[in-house]
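I have placed the structure first, in the form of structure tokens, so that the comments after it can refer back to it.
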Amino acid sequence: MMNPLIPLLVAIPLAGAFLTMILGRFITGIPRYMALATLLVLTFISFWLLVEGGTASSVYTLGGWEPVDGVPIGIYLIHDGFSALVLCIISVIGLLSVTYSISYMARYTSENYFYSLFCLMIAGMNGVVLSGDIFNIFVFLEISAISSYALVAFGVEKNELEATLKYQVLGAVASFMVLFAIGFIYWSAKTLNIADIRTAFSEGGYGINYILIQILLLTGFGLKAAIIPFHAWLPDAHSSAPSPISAMLSGVLIKAVGIYVIIRLFFNMFEITEGMAILITTLGALSMAVGVLLAIGQWDLKRLLAYHSISQMGYVIMSAGIGMILMARGLRSEIAALAITGGIFHMLNHAAFKGLLFLNAGAIEYAAGTRDLRQMGGLAKSMPFTSSTSLVASLSISGIPPFNGFFSKLIIIVAAVMGRFYFLAALAAVVSIITLASFMKFQRYAFYNKEQGKIGKEIREVPVPMLLSMITLAAICLLLSLLVLPGIRETVLAPATEILMDQAKYSSQITGM
Amino acid sequence: MKGMTVIVKKTTQLIAGIVFLYGIYIILHGHLTPGGGFAGGVILAGSFILLILAFGSDFMHLLKEEKGSTIYENLAILAFLLLALTGLLAGGKIFFANWLPHGTPGELVSAGFLPLYNIFVGIEVAASILTIFLALVIFKEEILK
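So the sequence lines, in the order shown, correspond to chains F and Z. One gets my numbering by counting positions in the first sequence from 1 and adding 24 to each. One gets my numbering by counting positions in the second sequence from 1 and adding 1326 to each.
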């Protein structure tokens, strides 16, 4: 019996988006509640699936097309330990961003377009995460990407339009690369299902295209994930978007359509080769180090946060890469598992604290009307909740115990040391210290400066819906560190690691062999 | 945007209906012949666009048209989604299940849900291409004002 909740994860936000468009024309004020209801249902479903699914993974065949002679036909949706976690962060950050938007977006017009695009973006991301064949990944990737282009430009000022143009051009290049790679895969493997492609590739029928396909996919999804040589669009796009959208883009989108797909494809579709593993690790370490160095000189608060997204995603890519290297060498699989667990854990944590930081930045912009750190000052007195939640997020991202960022960074560094990657371990620690420095700068200039800034008006705390989502995210930042406890780690993080480590299992559950 | 000469207007009036009918033909035979919802929908939109180009934008009330086409677009997607959801509620309890009787292959009314899906995809594509066209025209007119 297939679980009927799985397709609803894509169907509900799609229905929500288009119902919002129709009803929003006739009833003013309803779009926000439609979006809120949609995201509430999604959050409930994704947590239900996480709890109920447990370690098992379930496959859903659309239209009931069963595999013929072990060859999958039709569209497959796959819900396993790894996708369950990503679905949860999509819904939770989405729900809190919508709650935040109720007050924040009141200054903008065209409310129904905003919430409709928001739901479409969620539908696209859920589709990417659930899809079991590579062409549907591309289709859903485009749905989420196109709605995010429109959302970045939502303010239609000069900066926003420039940022979205850059984002669109680079996004189109990325989509082209991905489509090109899919064409090559279809040419050499004669199938588009990820599990079936793996079977075809492992039988050796791929020839010279194999490395080209890998490079194209890494470039395409690397552009979406903003790994360092492909990062140019991210600081503009993430800082120009309205703040709840920045939180979604930085907190969720680059993970769901970038990091998730890279990890999924390179662990579950391709045979892990050492060369590719070293390439991925190098790119990860590079973006970790360069991202933070670019971040520290920024004075625009949201640009600073955007560069930190690049750096923190570097941690995730690097630890997945370390896991790949160890798996390719075929030794010490428990350390590989530790590294991969650390990466996934850091991905979850980053969604929580980076989402919170962008919401904080939005709150400061909402109250003080500026994003320039030099013009702020002394906000701790007038905005106590914003100040304290942003302190939580800053400590989390800099890796201070007992917040969640500390534990995931600790796992990554321990795994790197145990795998004898001493240089990478040291680099990760140094990057963490520079991160701390740059967030101390943020805290000092924004909140704890003695002199009042040059804003010249009275600053009040932001409205309740905004506070509510910030405080919830701060609590999540603390609660996520519980995932490191032995009993909880096995039930939440271990299934995700297991599905990535056990390469044969992923394809056997689909082809039924 | 001004309309064109009487010759163009008359010819377009004669042709537009035929183009429209051809679009409907392509959509309805989607499960039997090459083409289908998307191709037919583009042809449908083409007949509207021909009329707008020939008669000019002041003849048509473009903003009103745009509102109508947007609503059709949204309704078509919702109807498509509802059809897919009926599979979840009835029959084999599977999303996108084709639980209607399949009929004899080759006849116009056959293949269960496929013609219905094609019809709604056709409406959706026609409405959205028309909306894009109208949005561009309206945008240009607003700039020129």
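Positions of the beta carbon are idealized from the N, C-alpha and C atoms, including for glycine.
**Request:** Quick one: residues in its chain with C-beta nearer than 8 angstroms to the C-beta of Thr-506 of chain F, no 5 flanking neighbours on either side, listed in chain order?
**Result:** Correcting the residue identity first, residue 506 of chain F is Leu in this sequence and not Thr. Cβ neighbours of Leu-506 of chain F beyond the five flanking positions: Ile-512.
**Message:** Quick check: what's the CA-CA separation for Lys-378 of chain F versus Leu-47 of chain F?
**Reply:** In a straight line, the C-alpha of Lys-378 of chain F is about 33 angstroms away from that of Leu-47 of chain F.
**Prompt:** Anyone know if the C-beta pair for Leu-1370 of chain Z and Gly-1343 of chain Z falls short of 9 angstroms?
**Reply:** no
**Asked** When Cβ atoms are compared, which residues of the segment 79 to 113 of chain F fall closer than 7 angstroms to chain Z?
**Response** Of all residues in the segment 79 to 113 of chain F, Leu-86, Gly-87 and Gly-88 have a Cβ within less than 7 angstroms of some Cβ in chain Z.
**Ile-278 of chain F and Lys-248 of chain F closer than 9 angstroms at C-beta** = yes
**Message:** In whole angstroms, give me the CA-to-CA distance for Leu-73 of chain F and Gly-443 of chain F.
**Reply:** 34 angstroms
**Item:** Neighbouring residues, chain Z, relative to Leu-38 of chain F (Cβ below 7 angstroms)
**Value:** Leu-1407
**Item:** Asn-1424 of chain Z in three-state terms, based on DSSP
**Value:** Coil, per DSSP.
**Beta-bridge partners of Val-83 of chain F, as assigned by DSSP** = F:Ile-102
**Prompt:** Where Ala-198 of chain F and Thr-243 of chain F are concerned, what is the direct C-alpha to C-alpha distance, given to the nearest angstrom?
**Reply:** 7 angstroms
**Whole-angstrom distance between Thr-1338 of chain Z and Gly-1432 of chain Z, CA atom to CA atom** = If I take the Cα positions, the gap works out to 34 angstroms.
**Message:** According to DSSP, is Asn-473 of chain F part of a helix, a strand, or is it coil?
**Reply:** coil
**Rounded separation between Asn-292 of chain F and Tyr-472 of chain F - CA only** = Taking the CA atoms as reference points, Asn-292 of chain F sits about 48 angstroms from Tyr-472 of chain F.
**Request:** Identify every run of the alpha helix (DSSP H) within the segment 207 to 269 of chain F, keeping only runs that are complete inside it and at least 4 residues long; order them along the chain.
**Result:** List check, alpha helix (DSSP H) in window: 218 to 226, 233 to 249 and 258 to 264.
**Request:** To the nearest angstrom, report how far apart Val-1345 of chain Z and Ile-1449 of chain Z are at their CA atoms.
**Result:** 15 angstroms
**Request:** Use the C-beta contact count for Met-537 of chain F: other C-beta atoms within 10 angstroms, 16 or more gives buried, fewer gives exposed.
**Result:** Reliability fails at Met-537 of chain F, whose pLDDT of 48 lies under 50, so the model's placement of it is uncertain and the value that follows must be treated cautiously. With fewer than 16 other Cβ atoms within 10 Å, it is exposed.
**Asked** Closest Cβ-Cβ distance between Phe-1422 of chain Z and chain F: below 9 angstroms?
**Response** yes
**Request:** Enumerate in chain order the residues of its own chain whose CB-to-CB distance from Val-276 of chain F is below 8 angstroms, with the five nearest sequence positions on each side excluded.
**Result:** Around Val-276 of chain F: Ile-113, Ile-114, Ile-117, Gly-118, Met-149, Ala-375 and Gly-379.
**Prompt:** Which residues share a DSSP beta bridge with Asp-396 of chain F?
**Reply:** F:Asp-324
**Request:** At 7 angstroms on the CB atoms, spell out the chain F contacts of Leu-1411 of chain Z, in chain order.
**Result:** Result: Ala-35.
**Within 8 angstroms of chain F by C-beta, residues of the segment 1439 to 1462 of chain Z in sequence order** = none
**Asked** Is Val-316 of chain F buried or exposed, if buried means 16 or more other CB atoms sit within 10 Å of its CB?
**Response** Answer is buried; the Cβ neighbour count reaches 16.
**Message:** Would Arg-49 of chain F pass as an interface residue toward chain Z - the criterion being a Cβ-Cβ separation below 9 angstroms?
**Reply:** yes
**Asked** Going along chain F, which residues have a C-beta under 7 angstroms from Lys-1419 of chain Z?
**Response** Pro-28
**Request:** Out of F:Gly-77, F:Thr-67, F:Gly-40 and F:Ala-108, state which residue places its alpha-carbon closest to the alpha-carbon of Leu-141 of chain F.
**Result:** Distance from the Cα of Leu-141 of chain F is smallest, within the candidate group F:Gly-77, F:Thr-67, F:Gly-40 and F:Ala-108, for F:Gly-40.
**Asked** Does the pairing of the segment 320 to 329 of chain F with the segment 342 to 354 of chain F give three or more beta-carbon distances under 8 angstroms?
**Response** no
**Message:** Give the list of continuous alpha helix (DSSP H) stretches no shorter than 4 residues that lie fully inside the segment 91 to 145 of chain F.
**Reply:** 105 to 128
**Asked** Would you say Asn-1444 of chain Z touches the ligand SAH, meaning its beta carbon is less than 8 angstroms from a heavy atom?
**Response** You won't find the ligand SAH in this model; it holds no ligand whatsoever.
**Asked** Measuring CA to CA, which of F:Leu-381, F:Val-152, F:Leu-329 and F:Ser-172 is closest to Ile-269 of chain F?
**Response** Ranked by Cα distance from Ile-269 of chain F, the first of F:Leu-381, F:Val-152, F:Leu-329 and F:Ser-172 is F:Ser-172.
**Request:** Taking all protein chains shown into account, decide if Ile-56 of chain F is buried (16 or more other Cβ within 10 angstroms of its Cβ) or exposed.
**Result:** Per the sequence presented here, residue 56 of chain F reads as Arg, with Ile not at that position. With 16 or more neighbouring CB atoms inside 10 Å of its own CB, Arg-56 of chain F falls in the buried class.
**Prompt:** Alpha carbon to alpha carbon, what distance is there between Pro-487 of chain F and Gly-366 of chain F?
**Reply:** Gly-366 of chain F and Pro-487 of chain F: Cα-Cα distance of roughly 36 angstroms.
**Prompt:** For Ser-155 of chain F, which of helix, strand or coil comes out of DSSP?
**Reply:** strand
**Asked** Got a sec: is the Cβ-Cβ distance from Met-464 of chain F to anything in chain Z below 9 angstroms?
**Response** no
**Request:** Determine the direct distance from the alpha carbon of Gly-1429 of chain Z to that of Ser-1436 of chain Z, and round the result to whole angstroms.
**Result:** 5 angstroms
**Prompt:** Using 9 angstroms as the limit for Cβ to Cβ distance, is Leu-517 of chain F near chain Z?
**Reply:** no
**Asked** Where Phe-463 of chain F and Met-300 of chain F are concerned, what is the direct C-alpha to C-alpha distance, given to the nearest angstrom?
**Response** In a straight line, the C-alpha of Phe-463 of chain F is about 34 angstroms away from that of Met-300 of chain F.
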